[in-house]
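Peer 1:
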Amino acid sequence: MNTPAHTTVMDLFRLDGNAALVTGASRGLGRALAIALAEAGADILAVDIGDLDQVAKEVRARGVHCATRTADLSNLTPDTAAELISWAKAELRPPTILVNNAGIIRRGPAIETPAADWSAVLDLNLTTPFLLSQAFAQAALDDNAAASIINIASINSFQGGMEVPSYAASKHGILGLTRALANEWAPQRIRVNAIAPGYMETEFTAAHREDPARAENMLRRIPAGTWGRPEDLAGAAVFLASAASAYVTGTALSVDGGWLSR
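Mapping of the sequence shown onto our numbering: position 204 corresponds to residue 284, and the numbering continues sequentially without gaps.
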């Protein structure tokens with residue numbers, strides 16, 4: 081990562097001169113993460129299968145550049161991952177921050193989970209982050225650049241949940257991948273960390289929030305007593321992307337209102 085000359089602690093959190101590639105950036109957590117990094121001064125490379133016009137407008141309103149790429153990241157290959165990093169370099173500058181946020185969930189009893197659903201979730205939630213991290217790290221090594229990878233894990237990285245076997249497996253995998261890559265790449269100044277959100281107000285939790293009895297039980301379990309908002313991840317993302325966390329790698333930062341401590 082490119083870091084400015086530091087005069088105060090707050091300067092450590094600035095991302096001026098850096099570019100961040102954020103997947104799943106059109107809505108929900110991805111949109112909030114892109115905006116947070118933009119507010120800290122990073123240019124944004126927003127990638128998603130959905131419409132990116134609104135997030136691009138919001139990012140540019142923060143006074144930074146934004147390039148967008150509509151792409152389906154499922155069934156990613158090493159070649160297409162490398163091409164995406166090449167696109168990012170050509171559009172703005174070599175990215176020094178990668179946020180692996182794109183993901184899906186398939187709900188249902190394990191006994192009834194189709195193999196196709198299992199494969200689709202593991203593919204996008206785990207294989208795609210690995211291949212993108214691989215291509216991103218190779219580019220950083222070629223440029224001899226320090227860099228930060230932020231994987232979006234989950235509280236289901238630490239527990240099994242109910243009727244989400246493929247999602248829980250993929251998020252356990254993300255936690256292991258984060259630690260494995262951190263171990264290998266720390267000597268090359270590539271840090272790899274994860275954010276583990278709790279129950280946030282996104283489409284992933286709509287089924288929970290729309291069931292009054294279930295919502296009440298879940299809120300009772302959360303010490304903070306409220307659902308999280310995508311914007312609640314902003315501070316964690318800026319911290320892990322910036323020089324403020326220069327000696328932090330291989331960790332997972334839970335942003336869950338205390339759910340895991342209960």
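By construction, the Cβ of each residue, glycine as well, lies at the ideal position given by its N, Cα and C atoms.
So, using beta-carbon positions, are Ala363 and Gly256 closer together than 9 angstroms?
Peer 2: Because the chain here runs from 81 to 342, residue 363 falls outside it and cannot be looked at.
Peer 1: Would DSSP call Asn72 helix, strand or coil?
Peer 2: The first residue shown for the chain is 81 and the last is 342, placing residue 72 beyond what the model contains.
Peer 1: Scan the segment 289-342 and note each continuous alpha helix (DSSP H) run of 4 residues or more that stays entirely inside, going in chain order.
Peer 2: 292-301, 314-321
Peer 1: Using only alpha-carbon positions, find the residue among Pro209, Gly308, Leu113, Ile165 that is nearest to Thr282.
Peer 2: Gly308
Peer 1: Take Arg289 and list the residues in its own chain whose beta-carbon comes closer than 8 angstroms to its own, dropping the five residues that flank it on each side.
Peer 2: Answer for Arg289: Glu281, Ala295, Trp307, listed in chain order.
Peer 1: Measure the alpha-carbon distance for Arg140 versus Ala190 and round it to whole angstroms.
Peer 2: So the two alpha carbons sit approximately 43 angstroms from each other.
Peer 1: Check the C-beta distance from Ala323 over to Ala274 and give it rounded, since I have them as a contact under 8 angstroms.
Peer 2: Not quite, the Cβ-Cβ distance comes to about 19 angstroms (not below 8 angstroms), so this is no contact.
Peer 1: So if DSSP puts Asn263 in a beta bridge, which residue, or which two residues, is it bridged to?
Peer 2: Note: Asn263 sits in no beta bridge, so no partner.
Peer 1: Consult DSSP for Asp197 and reduce its assignment to one of helix, strand or coil.
Peer 2: helix
Peer 1: Using alpha carbons as the reference points, say which of Ala316, Leu202, Asn98 lies closest to Ile230.
Peer 2: Ala316
Peer 1: Could you round the C-beta distance between Asp197 and Ser246 to whole angstroms and report it? I think they count as a contact, below 8 angstroms.
Peer 2: About 6 angstroms separates the two Cβ atoms, so the contact holds.
Peer 1: What ranges does the beta strand (DSSP E) occupy inside the segment 211-262, keeping only unbroken runs of at least 3 residues that lie completely in it?
Peer 2: Listed in chain order, the complete beta strand (DSSP E) runs (minimum 3 residues) inside the segment 211-262 are 227-232.
Peer 1: Of the residues Pro267, Asn155, Ala262, which one's Cα is nearest the Cα of Ala200?
Peer 2: Asn155
Peer 1: Just tell me which of Gly253, Thr148, Trp167, Ser325 has its CA closest to the CA of Ala227.
Peer 2: Ser325
Peer 1: Quick check: what's the CA-CA separation for Gly121 versus Ala195?
Peer 2: Distance between the alpha carbons of Gly121 and Ala195: 43 angstroms.
Peer 1: Between the alpha carbons of Thr148 and Leu125, how many angstroms are there, rounded?
Peer 2: 6 angstroms
Peer 1: Among Asp96, Pro158, Asn180, Gly188, which residue has its Cα nearest to the Cα of Gly143?
Peer 2: Asp96
Peer 1: Counting only runs that start and end within the segment 82-154, where is the beta strand (DSSP E) found for 3 or more residues in a row?
Peer 2: 99-103, 123-128, 146-150
Peer 1: Should Ala321 and Ile177 be called a contact, given that it needs their Cβ atoms to be closer than 9 angstroms?
Peer 2: yes
Peer 1: Ala161 lies in the beta strand (DSSP E); which residues open and close that run?
Peer 2: In the DSSP assignment, Ala161 falls outside any beta strand (DSSP E) and lies within the alpha helix (DSSP H) extending over 158-171.
Peer 1: By Cβ distance, which residues of its chain are closer than 6 angstroms to Thr258, with the 5 residues on each side in sequence left out?
Peer 2: Asn231, Val272, Ala274
Peer 1: Leaving aside the five residues before and after Ala248 along the sequence, list all residues of the same chain whose C-beta is less than 6 angstroms from its C-beta, in chain order.
Peer 2: Asn236, Gly240, Gly241
Peer 1: Would you decide whether Ser250 is buried or exposed? Buried here means 16 or more other CB atoms lie within 10 Å of its CB.
Peer 2: buried
Peer 1: Round the Cβ separation of Leu212 and Ala161 to the nearest angstrom and send it over; I've been treating them as touching at under 8 angstroms.
Peer 2: The Cβ separation is near 5 angstroms, so the contact holds.
Peer 1: From Phe319 to Leu221, what distance separates their C-alpha atoms?
Peer 2: 22 angstroms
Peer 1: State yes or no: is the C-beta of Glu243 within less than 9 angstroms of the C-beta of Gly188?
Peer 2: yes
Peer 1: Comparing C-alpha positions only, which one of Ala99, Leu299, Asp152 sits nearest to Trp339?
Peer 2: Leu299
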